[in-house]
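Notes to accompany the following structure.
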Amino acid sequence: SRRGRIGLRRRGFESVVVIMGKKANKKGAEPSNGTPKAPATPEAASAAAPTSWLETLDLDPEKKAFEEKKDKERLKKAEEAQKLQLWTNQRREQKEKDWQKDQRGKAKVEKKWDKEVEQHRARAMAEGVLEAVDYGDGCWYVNVGKDTWKEIGQQYLCTLCDKQLNDSTLGAHIDSQAHKNKVAWELDGSSVAPAPAPKPKAAPATAAAAAWAAASSAPWAQDGQCTLCTKGLDGIHEQTETHLKRVAAWEEQQERRATGFAAPKEPYLAYMPSDEKDPNSERWCKCLLCNKWCQDETSHTGSLANSQGSKEHLKNLRNYGPESAWWQLNVAAVRNKWHPVARAQPKAAPQVAPPRPAGPPPAGGEGAGAPA
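Just so you know, we're using my numbering here: the sequence shown kicks off at 1 and counts up by one.
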């Protein structure tokens, strides 16, 4: 205090308070006559009391800093737990919405399915199909007439075709041509159900008409279909770029087939069947040196003296020449198989004429006659 210091002295179990102050005659100082001060009011005591537990640690800054750090960690964990709970709630709500959407879709599909089944059932009942009854014993019974019940394994029985059906197969059965024929025979009196009339083809326009007329008589056209592209002839397909390329390739193939597939100029090329299992399939040019089909005119060409072609082709030209055993086995032998070389016929030995006599025989001798 301003008046002095307070000291504590211990004497056994007693504590003595000694007030050590300055002179009492100092101006403004209260007399120190040993009389006790009046007790403080409750309001003052409450104002001086600490309001939180951390305030009691003001005298220990290290401990206070440690406790503040723990409080921050607890607050951070609480915020993370709150975020996780919020995310979990949102995820649960989204799953619930997805499930409800899926249920609505399934209900819509089931409603459509039930409507189709009702339509098929109504039509089937008019076309000789009977609906069976389930008596709870796991079997279906159908009344075939005159109180005669027949046990079947499914829900419906077609009396015309003698087939057992269910909701899944009922529509496909009544739409089948065999069932329609029997319905027409039994109910309408005709032998077969009339087939739907084909739609008339629209008259092609000028250029399309010319292309359609030319393609209809082409050798690759059959029954109004393009056998090269497996599409119908309509005057438009015949003018497409894809079709024209295939026609050009087909004509080139036919021309080579007519000439017997002359051997290519390069000794490592050969025209081989595109399908190894079918020798009569289309024959394409193949590089035996690289074991690849020729897709262009530059990748598989040239020689050691005239370096051309792809990198792999040039590498094979350098490593496997005509004098190597690999060439003879994989190139020469395969090429000779598809382009046999005509063997040279041995020349016939010249016929030697008999020697002529040196001169006419003597007259009157055995060899007399006309001079040779």
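Just so it is clear, CB atoms sit at the ideal spot from N, CA and C, and this is done for glycine as well.
- Contact between TRP212 and GLU238 holds, with the beta-carbon distance rounding to 6 Å and staying under 8 Å.
- Going by DSSP, LYS163 is part of the beta strand (DSSP E) stretching over 163 to 165.
- Here CYS287 is buried: its Cβ has 16 or more other Cβ atoms, across all protein chains shown, within 10 Å.
- Checking the DSSP bridge columns, you'll see ALA184 has no partner listed.
- Under DSSP, LYS231 shares a beta bridge with CYS226.
- In this structure, ILE236 sits away from ALA218, with a CB-CB distance that is not shorter than 8 Å.
- ASN143: member of the beta strand (DSSP E) spanning 140 to 145, first to last residue.
- Distance from the CA atom of ASN181 to the CA atom of GLN119, rounded to whole angstroms, is 20 Å.
- The three-state reading of DSSP puts ILE236 in coil, since its state is none of H, G, I, E or B.
- One Cα belongs to GLU67, the other to GLU79, and the distance between them is close to 19 Å.
- The stretch 137 to 156 and the stretch 96 to 115 do not touch, with fewer than three beta-carbon pairs separated by less than 8 Å.
- Around the CB of ARG318, fewer than 16 other CB atoms lie within 10 Å, so the residue is classed as exposed.
- With respect to the 8 Å criterion, PRO279 and PRO273 are classified as neighbours on the basis of their beta carbons.
- Inter-residue distance for LYS108 and ASP234 is about 41 Å (C-alpha atoms, whole angstroms).
- When DSSP assignments are scanned along the stretch 270 to 334, the uninterrupted stretches of beta strand (DSSP E) that are 3 or more residues long and fall wholly within it turn out to be 283 to 287.
- By DSSP's assignment, TRP149 forms a beta bridge with ASN143.
- In the DSSP assignment, GLU251 falls within the unbroken alpha helix (DSSP H) covering 241 to 258.
- Sequence-distant Cβ neighbours of TYR268 in its own chain, meaning closer than 7 Å and more than five residues away, are CYS287, LEU288, LEU289 and VAL331.
- Around the CB of VAL129, 16 or more other CB atoms lie within 10 Å, so the residue is classed as buried.
- GLY321 counts as exposed, since fewer than 16 other beta carbons sit within 10 angstroms of its beta carbon.
- Of the residues assessed, ASN316 falls on the buried side of the cut-off, its CB having 16 or more other CB atoms within 10 angstroms.
- Taking the CA atoms as reference points, ALA262 sits about 12 Å from TRP284.
- Looking only at HIS313, LEU75, ASP98 and HIS179, the smallest Cα-Cα distance to SER303 is reached by HIS313.
- Looking only at ARG121, TRP326 and LEU84, the smallest Cα-Cα distance to HIS173 is reached by ARG121.
- Less than 8 Å divides the Cβ of LEU157 from the Cβ of ALA132.
- Contact between GLN253 and GLU282 holds: CB atoms are separated by about 6 Å, below the 8 Å threshold.
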